[in-house]
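Trainee: Following this message is one structure expressed as structure tokens.
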Amino acid sequence: MTAPIPPTGTAGAFPPPAGVHPDAGRHASGTTGVGSPAPDVAGVPVGELVGNVTRDLSTLMRQELALAQAELKQEATKTGKAAGAFSGAALAGYFVLLFLSIAAWAGLSNVMDAGWAGLIVAAVWAVIAAVLYTTGRSKFREVHPKPERTVDTLSNVPDALKGHRGDTP
1 MTAPIPPTGT AGAFPPPAGV HPDAGRHASG TTGVGSPAPD VAGVPVGELV
51 GNVTRDLSTL MRQELALAQA ELKQEATKTG KAAGAFSGAA LAGYFVLLFL
101 SIAAWAGLSN VMDAGWAGLI VAAVWAVIAA VLYTTGRSKF REVHPKPERT
151 VDTLSNVPDA LKGHRGDTP
């Protein structure tokens with residue numbers, strides 16, 4: 001559902017804006033201005049250049065937002081699964097208490113097989129609760145609420161806006 005994100009620093013990453021020929025900005029050798037001191041913008045009005053930059057920045061921001069949404073959706077899914085495991089552990093813990101209570105009651109009142117049966121059921125629920133708790137804990141450790149790739153690419157935006165002049169990095 002998200003638009004493909006072009007690799008950083010590639011020529012032709014965005015389609016040319018309306019009204020600009022696809023070869024605009026190309027040198028006679030067929031290369032773009034990428035890596036050269038300045039692209040060929042002779043004859044292009046300043047307003048159109050500003051419009052192009054604004055349009056490209058808008059596209060970049062939309063793509064970054066789409067990336068952040070995709071990353072947050074993944075993390076929300078992991079969080080939901082971990083919460084489900086913790087819910088299962090809570091339910092299993094409830095049954096442990098319920099069956100331990102019933103077993104203690106039956107064991108004290110009868111001192112027969114009914115009490116031992118209750119203890120066996122409670123032990124099974126204790127194992128289930130431990131497994132679900134461990135699963136939920138490990139799934140929560142996998143959750144990273146900060147969209148790492150988005151933060152990384154957004155940190156590159158100021159450098160991209162500055163541009164490069166000549167041999168300076």
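Using full-length UniProt numbering, read the sequence shown as starting at 1 and increasing by one per residue. Heads up, the beta-carbon is just placed ideally off N, CA and C, and yes, glycines get one too.
How many Å lie between residue 100 and residue 117 at the Cα?
Mentor: Their Cα atoms are separated by approximately 10 Å.
Trainee: Between the Cα of residue 157 and those of 40, 60, 47 and 71, spot the shortest distance and give me the residue it belongs to.
Mentor: Closest option to residue 157, Cα to Cα, is 60.
Trainee: Could you compute how far the alpha carbon of residue 54 sits from the alpha carbon of residue 47?
Mentor: Going from the Cα of residue 54 to the Cα of residue 47 covers about 10 Å.
Trainee: Taking only beta-carbon atoms, is residue 95 less than 8 Å away from chain D?
Mentor: Absent here is chain D; the protein component of the structure consists of one chain.
Trainee: Is DSSP giving residue 96 helix, strand or coil here?
Mentor: DSSP places residue 96 in helix when its eight states are reduced to three.
Trainee: If you count every other CB in all the chains shown that lies within 10 Å of the CB of residue 136, and 16 or more means buried, which is it?
Mentor: When all chains shown are included, residue 136 counts as buried.
Trainee: Taking only the alpha-carbon atoms, compute the straight-line gap between residue 171 and residue 134 and give it to the nearest angstrom.
Mentor: Limits of the chain in this structure are 1 at one end and 169 at the other, which puts residue 171 out of reach.
Trainee: To the nearest angstrom, how far is it from the Cα of residue 42 to the Cα of residue 49?
Mentor: C-alpha separation (whole angstroms): 11 Å.
Trainee: Give me the Cα-Cα distance between residue 77 and residue 147, rounded to the nearest whole angstrom.
Mentor: Computed Cα separation, rounded: 14 Å.
Trainee: Could you check which residue in 71, 86 and 153 has the C-alpha nearest to that of residue 131?
Mentor: For the residues 71, 86 and 153, the minimum Cα distance to residue 131 belongs to 86.
Trainee: Would residue 103 and residue 115 be called neighbours here (beta carbons separated by less than 8 Å)?
Mentor: Taking 8 Å as the Cβ cut-off, residue 103 and residue 115 qualify as a contacting pair.
Trainee: Using a threshold of 8 Å, state whether the C-beta atoms of residue 143 and residue 82 are closer than that.
Mentor: The answer is yes: Cβ separation under 8 Å.
Trainee: Quick one: Cα of residue 119 to Cα of residue 93, how far?
Mentor: Roughly 14 Å between the two C-alpha positions.
Trainee: Report the rounded CA-to-CA distance for residue 106 versus residue 125, giving the unit in angstroms.
Mentor: C-alpha separation (whole angstroms): 18 Å.
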